[in-house]
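Q:
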Amino acid sequence: MKRAIKLRIAFLFILFLNSFLLSKDKSIFEQRRQNILNSMPRNSLLILASTPECYRFGFSFHQDSDLFYLTGELRDGVALILSSSPIELVNSALAAKSFLVFTHHPQEGNNNEYNQPLTNKDNGEVAISLRKFRKILNKIDKLDVLFTNLKSKKKKFSSIFWGNRLNKLVGQFPDVKIKAAEELTTPFRRVKSQDEIELMQNAIDVTIEAQKEAMRSMKPGVFEHQIEAVIEFVFKYNGCEHLAFPSIVGAGPNSLNLHYNEGERKIASGDMVVIDVGCEYQHYCADITRTIPASGKFTSAQKKVYNAVLEANKAVIDALKPGMTFADMDEIVKTVFLKYGFEKFIRHSCSHRLGLDVHDVGSRNAPFKPGCVVTVEPGIYIPENSDLPKEYWDIGVRIEDDVLITENGHQLLSEKLTKTIEGIEQLMAETGMIDKIQK
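Yeah, the sequence shown ends on 440 if you go by this note's numbering, and it's all consecutive.
(1) Between which residues of its own chain and V398 is the CB-CB distance below 7 Å, once the five residues before and five after are set aside?
(2) Out of G164, T300, I205, state which residue places its alpha-carbon closest to the alpha-carbon of E401.
(3) Which complete alpha helix (DSSP H) runs does the stretch 245-325 hold, if anything under 4 residues is left out?
(4) Per the DSSP calculation, L101 is bridged to which residue(s)?
(5) Run through the DSSP bridge pairs and tell me what G73 is partnered with.
(6) Can you tell me which residues form a DSSP beta bridge with L46?
(7) By how many angstroms is the C-alpha of G363 removed from the C-alpha of H353?
(8) Can you tell me whether DSSP reads L418 as helix, strand or coil?
(9) Skipping 5 residues on each side, what residues in its chain have a beta carbon closer than 7 Å to that of L428?
(10) Heavy atom of the ligand NAP less than 8 Å from the Cβ of A181, yes or no?
(11) By DSSP, does H449 sit in helix, in strand, or in coil?
(12) Compute the distance between the beta-carbons of D395 and P221, then report whether it is under 9 Å.
(13) In or out: N150 buried (at least 16 other Cβ within 10 Å) or exposed?
(14) Which class does E400 belong to by DSSP, given the choice of helix, strand or coil?
(15) In whole angstroms, give me the CA-to-CA distance for E229 and E183.
(16) Tell whether a beta-carbon distance below 9 Å holds between F299 and I198.
(17) Over what stretch of residues does the alpha helix (DSSP H) that includes T187 continue unbroken?
(18) Which of the three DSSP states is assigned to E233 in this structure?
(19) What first and last residue would you give for the beta strand (DSSP E) that runs through I383?
(20) At which residues does the beta strand (DSSP E) containing V374 begin and terminate?
(21) Answer with buried or exposed for H411, where buried requires no fewer than 16 other C-beta atoms within 10 angstroms of its C-beta.
(22) Ends of the alpha helix (DSSP H) at A204?
(23) Grab me the residues of D277's own chain with a C-beta within less than 6 Å of its C-beta, minus the 5 sequence neighbours each way, in chain order.
(24) Count the other CB atoms, across all protein chains shown, that sit within 10 Å of the CB of F266; report buried if there are 16 or more and exposed otherwise.
(25) Please state whether DSSP places S153 in a helix, a strand or coil.
(26) Who pairs with H243 in a beta bridge, going by DSSP?
(27) In whole angstroms, give me the CA-to-CA distance for D176 and F158.
(28) Helix, strand or coil for I406 per DSSP?
(29) Out of curiosity, what's the CA-to-CA distance linking D142 and Q173?
(30) Would you give the residue range spanned by the alpha helix (DSSP H) that E332 belongs to?
(31) What residue from A50, I435, V231, I29 has the CA that sits closest to K193's CA?
(32) State the beta-bridge partners of R354 as determined by DSSP.
(33) List the DSSP bridge partners of I228.
(34) Rounded C-beta distance between T186 and I37? I'm assuming under 8 Å.
(35) How about L47 and F134: are their beta carbons less than 9 Å apart?
This is the structure:
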């Protein structure tokens with residue numbers, strides 16, 4: 002009951018923070034669009050289309066991250082136009098650099114098209130119908146660069162809906178250069194504002210609670226998918242409706258599979274279980290991994306592997322600061338694992354950027370700046386029939402934290418989740434959700 006009350010308090014807190022942040026959103030999006038406009042070259046156009054809606058079972062609509070970043074728009078059938086110079090509206094005295102195009106009326110959600118532009122003063126843009134979109138494209142008399150998130154091949158766009166319209170536009174300017182929209186958005190997206198960091202911290206805090214509940218519920222005889230169910234219940238109960246990525250709960254030999262999500266194994270006593278999960282809060286992602294013994298107690302071999310990974314995790318975090326790169330992080334991990342003789346069991350880089358996407362935008366060669374958020378996730382994966390003693394076989398260990406780069410170093414955003422052997426064993430000794438259900 003105490004834990005249920007705690008979850009309710011967390012839920013109420015998130016609702017409050019949600020209301021607080023949304024009250025500031027409109028000016029935030031307007032400033033982001035202005036930043037992009039200021040960085041656009043002369044005679045250029047940015048067109049961002051919403052993600053195509055998918056009706057297949059098991060899939061839900063998820064907005065294009067760049068479009069959400071610049072507009073906050075969550076609906077499908079929407080496109081954003083940013084122009085380096087004002088475009089006059091047909092039959093109107095208005096001229097604007099920013100347009101939000103709706104394939105249907107944004108208030109009523111039907112398929113009617115409206116001839117009159119809708120001036121959205123709150124968002125600093127002009128909302129227009131699809132009919133006006135076609136006419137606006139015809140008003141462009143010079144175009145050197147087109148930035149877009151729509152894929153093209155030899156200046157031909159395959160998108161069924163927006164592609165036909167852009168193909169006509171490009172046909173008018175045979176010398177136009179087509180570039181990826183991310184060339185404009187990435188420099189801004191990779192450095193997070195304080196508002197973005199608060200949203201990410203929300204997602205991280207809920208993910209921490211889910212990890213804790215998974216540890217409490219873990220025991221031999223439960224299935225991987227049952228642990229997933231516990232985790233995703235905590236996500237949704239705390240106001241996070243979407244996963245940042247498919248949950249990974251891999252036990253025993255499945256702990257060696259980096260992106261395992263079948264969830265079919267019945268967890269056995271000697272298994273190590275990799276739990277790599279993250280929820281999404283207002284489109285911002287968390288990504289946290291812990292590895293725990295199914296029995297609730299680490300064996301001697303499990304401790305040796307785990308402590309090597311933990312030492313690498315802490316060494317990388319301690320070194321993080323502006324100017325570092327992903328290559329620097331990987332070198333630290335290799336140095337630690339070499340000391341333990343585990344270097345040949347490295348299977349991946351130890352980090353990626355985090356933000357609106359779980360593998361967020363930004364070059365892997367670019368040095369970190371204050372405001373960047375990165376993961377730290379060293380791992381060791383020892384397969385069956387390796388040259389180590391048998392007690393080490395099928396042990397996969399990954400420990401992942403989320404870290405903010407600050408002016409003077411770093412801030413560990415996931416510090417509330419234990420990763421010591423003692424802390425994990427203590428949590429696993431507590432009564433979990435599955436125990437209560439089975440009673």
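Don't be surprised by glycine CBs; every beta carbon is placed ideally from N, CA and C.
A: Answer, in terms of the structure:
(1) M273, T292, V306, Y307, V310, G380, I381
(2) I205
(3) 301-320
(4) L81, A128
(5) For G73, which the question treats as bridged, DSSP gives no partner whatsoever.
(6) S84, L147
(7) 9 Å
(8) coil
(9) K213, M216, R217, T419
(10) With respect to the ligand NAP, the structure offers nothing, as it holds no ligand at all.
(11) What is shown of the chain runs 2 to 440, which leaves residue 449 out entirely.
(12) no
(13) buried
(14) Correcting the residue identity first, residue 400 is Ile in this sequence and not Glu. Three-state DSSP puts I400 in coil, outside helix and strand.
(15) 33 Å
(16) no
(17) 183-190
(18) helix
(19) 380-383
(20) 374-377
(21) buried
(22) 195-218
(23) I249, T290
(24) Note that residue 266 corresponds to Arg in the displayed sequence, not to Phe. Under this definition R266 is a buried residue.
(25) strand
(26) E281
(27) 16 Å
(28) strand
(29) 9 Å
(30) 327-341
(31) I29
(32) V375
(33) BP columns for I228 are empty, so no partner.
(34) 7 Å
(35) no
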